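Remarks on the structure that follows.
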Amino acid sequence: MSKKLLSVLFGAGLAALALSPSAFAEDQKLSDFHADMGGCESCHADGSPSADGAYEFEQCQSCHGSLAEMDAVHKPHDGALVCADCHAPHDMNVGQKPTCDSCHDDGRTSESALK
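In the working numbering, the protein residues as written are 16 to 130.
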């Protein structure tokens with residue numbers, strides 16, 4: 016199956032899950048959630064992590080869009096970070112979000128950063 020078709024199917028599956036409030040358990044790891052959508056290959060080439068994470072970053076963007084296309088919290092990080100810099104799919108649960116103070120020690124919050 017072509018990568019484009021797989022991406023479309025993956026995106027459609029994500030959309031269907033997003034519309035279903037009980038589609039996932041809050042204690043489910045992000046990696047397990049994505050693997051349920053298409054196996055490890057949905058994020059990793061041949062199911063194995065790349066050495067530099069570039070392939071995985073491309074996969075994130077193919078479904079979620081680029082950082083520049085996302086909300087105001089993501090836009091300032093475009094070109095400076097990749098998704099895995101903040102989102103640890105094998106450690107974080109679905110719905111869990113990193114906070115500004117994970118990286119910034121100046122007291123900023125997502126609310127204050129958006130003003």
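Note that beta-carbon positions come from the ideal geometry of N, C-alpha and C, so glycine has one too.
No experiment lies behind these values; they were computed from the predicted model shown.
Check: Helix, strand or coil: how does DSSP classify K44 here?; Outcome: strand
Check: Take L82 and list the residues in its own chain whose beta-carbon comes closer than 6 angstroms to its own, dropping the five residues that flank it on each side.; Outcome: H89, H92 and D93
Check: Assuming G62 and E71 are in contact, meaning their beta carbons sit under 8 angstroms apart, how far apart are those beta carbons, in whole angstroms?; Outcome: Not really, about 12 angstroms apart at Cβ, beyond 8 angstroms.
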